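S.K.: I have a structure I would like to understand better, so I am pasting it below and will then ask my questions one at a time.
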Amino acid sequence: SLKMASDSPESLMTLCTDYCLRNLEGTLCYLLDNETLQLHPDIFLPSEICDKLVNEYVELVKTDSIFEPHESFFTLFSDPRSTRLARIHLREQIVQDQDLEAIRKQDLVELYLTNCEKLTAKSLQTLVSFSHTLISLSLFGCCNIFYEEENPGGCEDDCLVNPTRQVLVKDFTFEGFSRLRFLNLGRLIEGVNVETLLRPLASLAALDLSGIQLNDVGFLTQWKDTLVSLVLYNMDLSEEHIQVIAQLRKLRHLDISRDHLSSYYKFKLTRRVLNLFVENLVNLTSLDISGHTMLENCTIPSTEEKMGQTSIEPAKSSIAPFRGLKRPLQFLGLFETSLCRLTHIPAYKVSGDKNEEQVLNAIEAYTEHRPEITSRAINLLFDIARIERCSQLLRALQLVITALKCHKDDKNIQVTGSAALFYLTNSEYRMEQSVKLRRQVIQVVLNGMESYQEVTVQRNCCLTLCNFSIPDELEFQYRRVNELLLNILNQSRQDESIQRIAVHLCNALVCQVDNDHKEAVGKMGFVMTMLKLIQKKLADKTCDQVMEFSWSALWNITDETPDNCEMFLNYSGMKLFLECLKEFPEKQELHRNMLGLLGNVAEVKELRPQLMTSQFISVFSNLLESKADGIEVSYNACGVLSHIMFDGPEAWGICEPHRDEVVKRMWAAIQSWDINSRRNINYRSFEPILRLLPQGISPVSQHWATWALYNLVSVYPDKYCPLLIKEGGIPLLKDMIKMASARQETKEMAR
């Protein structure tokens, strides 16, 4: 079903929501006084649509760098007569006090505020407006929501220095929240009295107190008849805590797990504690004891273990206390404990570090609220993907994507997640991935590159992009990818390996794409960036892959794109060409790339006068004799000269070398090439070559063009015969055969 899920198109609801949010002004809203968004007066939207709009908006602001947040977005939902909200999930810096204030008239049933650090005690007051309807509330990680700003009384000079002091609000309680059943106070700030805060709640069903240190939890027994879920992650427990928990007999889910790296815990789990839970909490279906050190051995000796297939039957359990369970648990959290490596574990789902299944269960269970654990689980997945083969590829990919999206600013997750993505998207897994899934990968990779200038993340992201077919698969984010890569290449201090990969990617991105793409990338500063890299390498006297790729990228981006050719000349490209030729006389690949590029420049009539200097013409003439890279360097040099000759004798504005002498050397070069040469070149169009056929001003240019066509269609007929026909080459050749000025051997070849 996962395969199908990742393949199916987005629902119409999702597509419409996305479209409206990206085009609020053109759809649901208009601009009042050119600044405030207002809902059109005839719109009424039910909660099914409004909830989705708000939740999707938060998601877009968080994960899509191109999406612009709106100051007044939440005010669109201020009037319940036109918009209804019921269940909304807000995250991080996106939401501020005034946003909650804007929707205070709504009858919210479910409000999740996760890591909303900008919310202050003003929002506590706003919460009271929802007290009569709210069933579910999360304030996880809202570390400032119990602080208010206090203005010192007589405002003396110190007002300017410290105008506001943060004061802890002590008098807020959940008085009047009569329907509240599910409450998450995870990572609540120290100093708030949890017992007083919660006492007014009549019948709590689920409570999360992650990361809060409470020495006395006796007050929990007031909900012993209603509490079905209790999370005490990272709370340092004691015997008293255990006795209280054992009285909460209705519990179905209990989580006392901890991050074993975060701080020193006195508490150690024992066989007796687990027995106590199994005996008293008879409804338990889910238990998490991840990160705990077992004080004594809870395992059944291997001699007594039932052999045969692994079993989830409690009677066969390798963990002794769990033999008392009535039925297998739905979930058992054993991540970073020794117990997860045992043979028979009585649970349908186990989180641990023993194998892929356990690791994926861990990532799934802890991503939302425990990035510190998730990053270690993803690290284990990275090893599995690198060393063995992933058997649940789609699930793994989806979980890593979710974690990277959810924790865009968490360095550990970005490093481990981007590394795992590299291995999960490589070619052996390619067949199993849908276009939609691969696009999601590209999106999170680009998010990572944007948020993190950190070397490891940048390298991982660039390497992952190399697993895609370029430019095709990156086309939908074309501008953005190019901007990010140029950004990397323009940094003053650069990591060698990242530089190499980024230049390789840039080169691939401008290969085989439409001219408007090339023009757009040219305008972003692509030509300048490549020339700067070449300049740096020249100064170091190194001709490496970066140098070769940079020239190759310039060759690609100038193909039939006059603007980029002009930029190359304006930014002293010719000077660099001559210097590279002089510094690296033996580098054949380099010569080929440089001359391919100059061939593109020579195709532009307006730019040819700039090539008309004694120095350049001498260099091109001498390269006619080059044997570098087969015939490629000689062929390209001849191509450059053919276009220059095509402008006629009057355009030859130099005394040395003489035009006739260069023409003679061109004939000699062409006659020396093997007509069956296999080629290191790729033509998307013959237009620049065909241009040289219907003319009598330069027979040698005509001959070069005819030779080029003859070679390409005879060596690669399947590729180039259709192109020649499509671009109208046949009638041009027929006409040329009738021309008096054409040389006999040219006509033979044309025939």
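Convert by adding 715 to the 1-based position in the sequence shown; the result is the number in our numbering.
Ideal placement from N, C-alpha and C gives every residue a C-beta, glycine not left out.
Being a predicted model, the structure only gives us computed values, none of them experimental.
1. Would you call the stretch 771-778 in contact with the stretch 742-755, where contact means no fewer than 3 C-beta pairs closer than 8 Å?
2. Classify Ile1004 as helix, strand or coil using the three-state DSSP reduction.
3. Tell me which residues share the same chain as Ile1116 and place their Cβ nearer than 7 Å to its Cβ, disregarding the 5 neighbours each side in the sequence.
4. Contact check, Thr841 vs Leu815 under 8 Å by CB: the rounded distance?
5. Assess, as a yes-or-no matter, whether the stretch 1079-1094 is touched by the stretch 1116-1130 under the definition of 3 or more beta carbon pairs within less than 8 Å.
6. Per DSSP, what kind of secondary structure is Ser1265 in: helix, strand or coil?
7. Look at the alpha carbon of Ile1346 and the alpha carbon of Ala1383, and state the distance between them as a whole number of angstroms.
8. To the nearest angstrom, report how far apart Ala1077 and Thr1052 are at their CA atoms.
9. Quick check: Leu711 and Leu1112, are their CB atoms within less than 8 Å of each other?
10. Mind checking Ile758: buried by the 16 CB within 10 Å criterion, or exposed?
11. If you draw a straight line from the alpha carbon of Ile1412 to that of Arg1208, how long is it in whole angstroms?
12. Let me check one thing: in DSSP terms, what residues is Thr841 bridge-paired to?
13. Go through its chain and collect everything with a Cβ distance to Val993's Cβ below 7 Å, but skip five positions before and after it.
14. Taking buried to mean at least 16 other C-beta atoms within 10 Å of its own C-beta, is Gln821 buried or exposed?
15. Report, in whole angstroms, the separation of the C-beta atoms of Glu1442 and Phe1401, which I expect to be a contact under 8 Å.
16. Do Gln1214 and Leu1204 have their beta-carbon atoms positioned less than 8 Å apart in this structure?
17. Note down, one range per segment and in chain order, each alpha helix (DSSP H) of at least 4 residues found wholly within the stretch 1058-1110.
18. Just to confirm my understanding: we take Thr835, look at its own chain, exclude 5 residues before and 5 after, and list those with CB closer than 8 Å. What are they?
19. Pick from Asn1337, Gly1363, Trp1367 and Asp1362: whose alpha carbon is nearest that of Cys1353?
20. Provide the residue(s) that pair with Val1172 in DSSP beta bridges, ordered along the chain.
21. Go ahead and pull the three-state DSSP assignment for His1358.
22. Helix, strand or coil for Ile1128, going by three-state DSSP, please let me know.
23. Just verifying my parser: in three-state terms, what is the DSSP assignment at Pro1136?
24. Rounded to the nearest angstrom, how far is the Cβ of Leu1246 from that of Leu1291, given a contact under 8 Å?
25. Of the residues Ile971, Leu929 and Gly933, which one's Cα is nearest the Cα of Leu945?
26. Would you call the stretch 848-859 and the stretch 899-909 in contact, with 3 or more CB pairs under 8 Å?
27. Restricting to runs no shorter than 4 residues, where is the alpha helix (DSSP H) found entirely within the stretch 1231-1300?
28. From Asn830 to Lys885, what distance separates their C-alpha atoms?
29. Just reading off the beta strand (DSSP E) that Thr751 is part of, what are its end residues?
30. Might you give, ordered along the chain, the residues of its own chain that have their beta carbon closer than 7 Å to the beta carbon of Val1319, omitting 5 neighbours on each side?
31. Strictly by DSSP, which residues pair up with Arg806?
32. Taking the beta carbon of Val1196 as the centre, do at least 16 other beta carbons fall within 10 Å, making it buried, or is it exposed?
33. Would Met1146 be called buried (16 or more neighbouring beta carbons within 10 Å of its own) or exposed?
34. Rank Lys981, Leu976 and Val932 by C-alpha distance to the C-alpha of Gln958 and give the top, closest one.
35. Run the CB neighbour count on Asn1426, radius 10 Å, all protein chains shown included, and call it buried at 16 or more, exposed below.
36. For Val773, which of helix, strand or coil comes out of DSSP?
M.R.: The answer reads as follows:
1. no
2. coil
3. Gln1155, Val1156 and Val1159
4. 5 Å
5. yes
6. helix
7. 13 Å
8. 12 Å
9. With the chain covering only 716 through 1466, there is no way to say anything about residue 711.
10. exposed
11. 52 Å
12. None; Thr841 has no bridge partner.
13. Pro1036, Phe1037, Gly1039 and Leu1040
14. buried
15. 5 Å
16. yes
17. 1071-1081 and 1086-1102
18. Asp812, Asn859, Ile860, Tyr862, Glu863 and Glu864
19. Asn1337
20. Val1172 pairs with nothing; no bridge assigned.
21. helix
22. helix
23. Contrary to the premise, residue 1136 reads as Leu rather than Pro in this sequence. Residue state, collapsed to three classes: helix.
24. 6 Å
25. Ile971
26. yes
27. 1241-1254, 1260-1273, 1277-1285 and 1288-1298
28. 21 Å
29. Thr751 to Leu754
30. Pro1277 and Cys1280
31. Thr829
32. buried
33. exposed
34. Val932
35. buried
36. helix
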